[in-house]
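Remember, the working numbering sits 1 above the position in the sequence shown when you count from 1.
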Amino acid sequence: MSERAPRAKLRTRFKPARLKLSSDHSKRPIERMSLHDQLVAKVREMIVNSELQAGAPLPERMLCETFGVSRTPLREAFKILANEGLIELRSHRTPVVTPINRDEIANIFDIMVALDGVAGSQAATLATDDDIARLNAMHERLIQLHRDAARTAYFRLNQDIHVEITRLARNPVLLNIWTTLHANIFRARAVANYDARRWTESVEEHETFMALLRARDAAGFAAALSMHTRKTGEAVLLTLERAPARNG
């Protein structure tokens, strides 16, 4: 019985009219090691960096051909990104990059300001010395990423810090509500940090509320954390006002 000749692998690049990808991404298939994590990180970075615009389609076949992967890990990656609010999964239709609704973002930030006040007060009261040391180590890495102008890594660690603060409040209901709402403003927060002045201001605000946490000033920490979230929200909304057509 004769062996079948190996089937040539189709290498189709995206057409710019359908989905914008830089040539750098289309020429380098993702490595097989840690495939799922790499897919999530790659597509997330492209969305956060606005390489994939709001409303852009994400056709599975072309993504698989571009990255040299099967549909199974890609679909798993899509689920993670959908939970983060970055993409919208649609039944029997092509997924799309989630549009940003300015009014919805404004309403969510109003709630997040209040939630961060509660989380901050509880976290500063209940956190152990080890908890604060771990959070402070994350903060020091954040400062270094800012110095290195490593925006994508900075943004991910920044989100991890905010999640950790909320987790330290030891309130599962609060954490669940906070996480759900945060998924809807994840990308919008990243957009605001592309303003160099706001990025620097944000780092300074982190410095301020971390000093208050180390001092165990629960009221001060909660107020500073809430103010940081409020200023971030204002920066996000201002950015969206400047680019209404792009964000939909």
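Where is the CB? At the ideal position from N, CA and C, for every residue including glycine. All values reported here derive from a predicted model rather than from experimental measurement.
Can you have a look at residue 117 and say buried or exposed, based on whether 16 or more other CB atoms are within 10 angstroms of its CB?
-> Working through the sequence shown from its first residue, we reach residue 117 at position 116. Result: buried.
Determine the burial state of residue 190: buried for a count of at least 16 other Cβ atoms within 10 Å of its Cβ, exposed for fewer.
-> Sequence index remark: in the sequence shown, residue 190 carries index 189 (1-based). Flag for residue 190 reads buried.
According to DSSP, is residue 77 helix, strand or coil?
-> In the sequence shown, counting from the first residue as 1, residue 77 sits at position 76. If DSSP states are grouped into helix, strand and coil, residue 77 belongs with the helices.
Within the chosen definition, does the stretch 124-136 reach the stretch 88-96 through at least 3 CB pairs nearer than 8 Å?
-> no
Whole beta strand (DSSP E) runs in the stretch 109-189 with 3 or more residues, listed along the chain?
-> none
Between 168, 212, 152, which lies nearest to residue 258 when the distance is taken from Cα to Cα?
-> Outside the shown range of the chain, which is 2 to 249, sits residue 258, and nothing can be said about it.
Leaving aside the five residues before and after residue 226 along the sequence, list all residues of the same chain whose C-beta is less than 6 Å from its C-beta, in chain order.
-> Here residue 226 corresponds to residue number 225 of the sequence shown, with the count starting at 1. Hits under 6 Å: 117, 121, 210.
By the 10 Å Cβ neighbour count, where 16 or more other Cβ atoms means buried, how is residue 145 classified, buried or exposed?
-> As a first step, residue 145 is located in the sequence shown; it is residue number 144 there, counting from the start. Exposed: under 16 other Cβ atoms inside 10 Å.
Enumerate in chain order the residues of its own chain whose CB-to-CB distance from residue 84 is below 7 Å, with the five nearest sequence positions on each side excluded.
-> Numbered from its first residue, the sequence shown carries residue 84 at position 83. Once the five neighbours on either side are set aside, the close Cβ partners of residue 84 are 184.
Could you work out which residue in 45, 73, 172, 50 is closest to residue 87 when comparing CA atoms only?
-> Position 86 of the sequence shown, counting from 1, holds the residue named residue 87. The residue with the shortest Cα to Cα distance from residue 87 is 45.
First through last residue of the beta strand (DSSP E) which encompasses residue 89 = The residue labelled residue 89 in the question sits at position 88 within the sequence shown. Unbroken beta strand (DSSP E) run through residue 89: 88-91.
In terms of alpha-carbon separation, which member of 43, 222, 232, 71 lies closest to residue 110?
-> By one-based count along the sequence shown, residue 110 stands at place 109. The residue with the shortest Cα to Cα distance from residue 110 is 232.
Spatially closest choice to residue 165 from 188, 134, 147, by CA coordinates | Position 164 of the sequence shown holds residue 165. That would be 134, whose Cα lies nearest to the Cα of residue 165.
Beta-carbon spacing of residue 188, residue 101 below 9 Å = Numbered from 1 along the sequence shown, position 187 holds the residue referred to as residue 188. Numbered from 1 along the sequence shown, position 100 holds the residue referred to as residue 101. Yes. Within cutoff.
Enumerate in chain order the residues of its own chain whose CB-to-CB distance from residue 90 is below 8 Å, with the five nearest sequence positions on each side excluded.
-> Locating residue 90 in the sequence shown gives position 89, counting from the first residue. The residues 79, 80, 83, 96, in chain order, have a CB closer than 8 Å to that of residue 90 in the same chain once the five nearest residues on each side in sequence are set aside.
For residue 94, which residues does DSSP report across the bridge?
-> The count along the sequence shown starts at 1 and reaches residue 94 at position 93. Paired residue(s): 91.
Hey, how far is the Cα of residue 108 from the Cα of residue 170?
-> For the purposes of this step, residue 108 is taken as residue 107 along the sequence shown, with counting starting at 1. For the purposes of this step, residue 170 is taken as residue 169 along the sequence shown, with counting starting at 1. Roughly 23 Å separates the two Cα atoms.
How would you label residue 11, buried or exposed, when you count the other beta carbons within 10 angstroms and need 16 or more for buried?
-> The sequence position of residue 11 within the sequence shown is 10, counting from 1. Only weak support is given to the placement of residue 11: the predicted model assigns it a pLDDT of 46, under 50, and the value that follows is read from those uncertain coordinates. Residue 11 comes out exposed.
Nearest-angstrom Cα separation, counted from residue 162 out to residue 103 = As a working mapping, residue 103 is identified with position 102 in the sequence shown. As a working mapping, residue 162 is identified with position 161 in the sequence shown. Roughly 25 Å separates the two Cα atoms.
For residue 64, I'd like the list of residues in its chain whose CB is within less than 7 Å of its CB, leaving aside the five on either flank, ordered along the chain.
-> As a first step, residue 64 is located in the sequence shown; it is residue number 63 there, counting from the start. Cβ within range, chain order: 75.
Using alpha carbons as the reference points, say which of 203, 126, 98, 243 lies closest to residue 216.
-> Taking the first residue of the sequence shown as position 1, residue 216 is located at position 215. Taking only the C-alpha atoms, the option nearest residue 216 is 126.
Could you give the residue range of the alpha helix (DSSP H) that holds residue 85?
-> Here residue 85 refers to the residue found at position 84 of the sequence shown. That residue, residue 85, is in no alpha helix (DSSP H); it is neither H nor E in DSSP.
Please report how far the alpha carbon of residue 33 lies from the alpha carbon of residue 224, in whole angstroms.
-> Locating residue 33 in the sequence shown gives position 32, where the first residue counts as 1. Locating residue 224 in the sequence shown gives position 223, where the first residue counts as 1. Unreliable placement is indicated for residue 33, whose pLDDT of 48 sits below 50; the coordinate value is still reported in the next sentence. The straight-line gap from Cα to Cα measures roughly 46 Å.
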